[in-house]
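In my numbering, the protein residues as written are -11 to 841.
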């Protein structure tokens, strides 16, 4: 074969990693000094002579696309060897731990170089044009050694079928054993390893009658065993006896190729037996797929589970129970006997269930199942239900004679625990009801341990909270602590349940309780985190009064979404289809909508208040006849702080229908007062008073001149009534009252200066002499009005624009004798009324109704 390789196997497989080849982990920093000391010691011993390499032994070797068992013998520094599968030979010389030399085979030759590992158990090397060749030493009593049974033709056939299946699965170390079972008509074994692949694949297309293995030993030295196929074809295999052992005569390579090509041609577009990959179109394919997958390790567990009909297994436990059932099935199959796949039917047209094993405790049956990918053969639900009973019934099964070794104990924790109990206290394996004694004890211990863990973790949470707060008396929120305890209980219970191997009826209950505890415990913790997040934004000044409304509404909506998400999470954990869960939420939503219509109205009204924003938090107004300050707008109700300092909670659905009068958003405050003068007041005094009031309103700096007016509105009960209407340039209620007070005091001065007085609201019986009105001042007022009349400056019905411009803002405010406003005490505003410097970010650019940016 020249330098392309020593030879090629009949089954192409990826080579395994050479034994002893492992990636070294990085040394931690704490052992650097120790490493340096070891290096110094190694340098000191470097001059010592190394132990001579020993190449003698049997090696399992691999190269790219092939492999063979290599037999080496060392004599001094010379090594000779052979790999019988390809009639190849090696010759080389040893130099330290390096072996160099040449290899020869019927179709090629070349050089090689092997380097032995320090432990002498493996080597790596190259041959030809830089192709790799590695090997691992096989000990004489190695557990991978094949036990060849050749006392009868049936035993030889069985050994061949088992060994061929192993080689097809990549265990190339059995190629030599496989070839040793064959007799070749030409008397040579040269290149016949290439013929093993087609021969094994051809034999996979046929079925072996199980009765053959119980047949008597033939009397002659030759025998024929006939294999049949579901389409009527037959394959005759000849056997010959040499001494006390029987060998199979290898069929002609041309005959094998011709028959195999014929079968493959008829099966064009269909899957043939023995093809690579998962095959579940026949009972044989399903059995082979299951055993190859379950014994390959965790990476292919899903493939093994796919061969089980889980239609009757509760979804809540399917993820764990399916794998456990698969482990049970694997153990039972291993106890029964070594599986010979060719005794299992491979007719893809058959729909008759195949019974592989039967027992009073249960049967192992494969049956066709209609799937979206067509008909697939699977282990029946009845098999899965009885597999535990079969496992217990076959526990003392007599060991089967095996050709290949197999570790009967699964690597799953449950089987390890059970094996330990069987060796220490076998009484613990007795069944009490649906569980064994040790499972009852362990289940009780799991729940007690979960409860203890929950309270210990809860206490640690409280302790950490006090240390964080630096307050020994701090009391953590009870609902948060209990939520963490529930989560701890659920986690411990779930972890314990996974290793106990509980039956489905118990596993479903325990898992449901554990998952419920985890989810119910997580909800208070999630709510607390949401509240802490909102508080953090608020403390950082990122939420304004308007943003607080949205924050409150969003917090409520997020909590509702959290509950919905947890319901879906529970559905996922319990394997409830999302469609059913969402339908349940939809039906539940309809029921809630019908039963809690007012609550939904409040929620919707809360969003209307936010979108329409007739009021904001901290604003003052009159709400359905009640004056107060908005303190909170929540998902259900709006809270108002009244003037009596009481809190009134009004449902949002009612609040949006109120007649809302917002005092905070007004740009001015209205002063509208009506007062009466005594009936003795003369017309000129009235003119004087009206004129001076108009001047007062025009001159006052806190009064808007646009709408200010003073009018004689009528004579009621012999009294002159005057209405003063003015817009005060103040938005805050205390400031408005102060400005209004100043205007009314000045108005009283005007009435007094006019020589008249305010009318009393009722009848007065004077016992003394009535002093009457001040005639002197009344005369002065009359003279003033007469002067206005003579000069054409009588201010009726209004002042002239020149007069208003001349006196506008001329009155000192605060009045003469009062300290400046900057030195006067200003009423403190509530925290809700103080505008924040930063607002909740989504609304930082929305202008407020009072003209603020």
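Backbone N, C-alpha and C fix where the C-beta goes; we use that ideal spot for every residue, glycine too.
Rounded straight-line distance, which links the Cα of residue j to that of residue i
i	j	result
residue 612	residue 638	11 Å
residue 195	residue 225	13 Å
residue 654	residue 719	6 Å
residue 452	residue 475	18 Å
residue 374	residue 287	26 Å
residue 503	residue 481	9 Å
residue 279	residue 380	20 Å
residue 688	residue 634	37 Å
residue 417	residue 449	40 Å
residue 679	residue 667	19 Å
residue 231	residue 66	36 Å
residue 552	residue 495	26 Å
residue 489	residue 463	41 Å
residue 215	residue 190	11 Å
residue 425	residue 405	13 Å
residue 121	residue 70	15 Å
residue 151	residue 163	8 Å
residue 691	residue 632	30 Å
residue 850	residue 284	Limits of the chain in this structure are -11 at one end and 841 at the other, which puts residue 850 out of reach.
residue 857	residue 149	Past the edges of the chain, shown from -11 to 841, lies residue 857, and the structure says nothing about it.
residue 352	residue 273	15 Å
residue 33	residue 317	Confidence in residue 33 is poor, its pLDDT being 45 and thus under 50, which makes the residue's placement unreliable; the coordinate value appears in the next sentence. Those two C-alpha atoms are separated by around 55 Å.
residue 826	residue 606	For residue 826, the predicted model reports a pLDDT of 35, less than 50, meaning its position is unreliable and no value from the coordinates is stated.
residue 854	residue 767	Here the chain comprises residues numbered -11 to 841, so residue 854 is not present and cannot be evaluated.
residue 228	residue 110	38 Å
As assigned by DSSP and simplified to three states, the class of residue i
i	result
residue 294	helix
residue 147	helix
residue 158	coil
residue 350	strand
residue 688	coil
residue 63	strand
residue 788	coil
residue 236	strand
residue 647	coil
residue 327	coil
residue 499	helix
residue 794	helix
residue 286	helix
residue 519	helix
residue 218	coil
residue 311	helix
Pair within 8 Å by beta-carbon distance, residue i and residue j
i	j	result
residue 484	residue 444	no
residue 620	residue 540	yes
residue 166	residue 55	no
residue 722	residue 650	no
residue 382	residue 343	no
residue 367	residue 267	no
residue 292	residue 322	no
residue 673	residue 775	no
residue 662	residue 609	no
residue 97	residue 90	yes
Other residues of its chain near residue i: CB distance less than 7 Å, five sequence neighbours each side excluded
i	result
residue 467	512
residue 300	369
residue 669	708, 744
residue 233	138
Cut-off 8 Å between Cβ atoms - residues of its own chain near residue i, not counting five sequence neighbours on either side
i	result
residue 238	170, 171, 172, 173, 180, 183, 187
residue 337	218
Nonlocal neighbours in the same chain, by C-beta distance under 6 Å from residue i, ignoring five residues either side
i	result
residue 135	391
residue 783	679
residue 642	none
residue 198	331
residue 477	438, 442, 505
residue 615	631
Heavy atom of the ligand NAD within 7 Å of residue i beta-carbon
i	result
residue 441	The ligand NAD is not part of this structure, which contains no ligands at all.
Checklist line | Every unbroken alpha helix (DSSP H) within the segment 400 to 438, with a cutoff of 4 residues, ordered by chain | finding: 401 to 412
Next item on the list: Mind listing, in chain order, the continuous alpha helix (DSSP H) runs of no fewer than 4 residues lying wholly within the segment 695 to 747?
Entry: Considered as a whole, the segment 695 to 747 harbours 721 to 741 as its complete alpha helix (DSSP H) runs of no fewer than 4 residues, in chain order.
Notebook entry, point to check: Which runs of the beta strand (DSSP E), 3 residues or longer, sit entirely within the segment 39 to 123?
Noted result: 45 to 51, 54 to 63, 66 to 71, 76 to 83, 86 to 93, 96 to 104, 110 to 115
Next item on the list: May I have a chain-ordered list of the beta strand (DSSP E) segments no shorter than 3 residues that lie completely inside the segment 622 to 673?
Entry: Annotation: the segment 622 to 673 contains the following complete segments of the beta strand (DSSP E) (minimum length 3 residues), in chain order: 625 to 630, 635 to 639, 648 to 650, 657 to 665.
Checklist line | Every unbroken beta strand (DSSP E) within the segment 528 to 555, with a cutoff of 3 residues, ordered by chain | finding: Counting only runs that start and end inside the segment 528 to 555, there is no beta strand (DSSP E) element of at least 3 residues.
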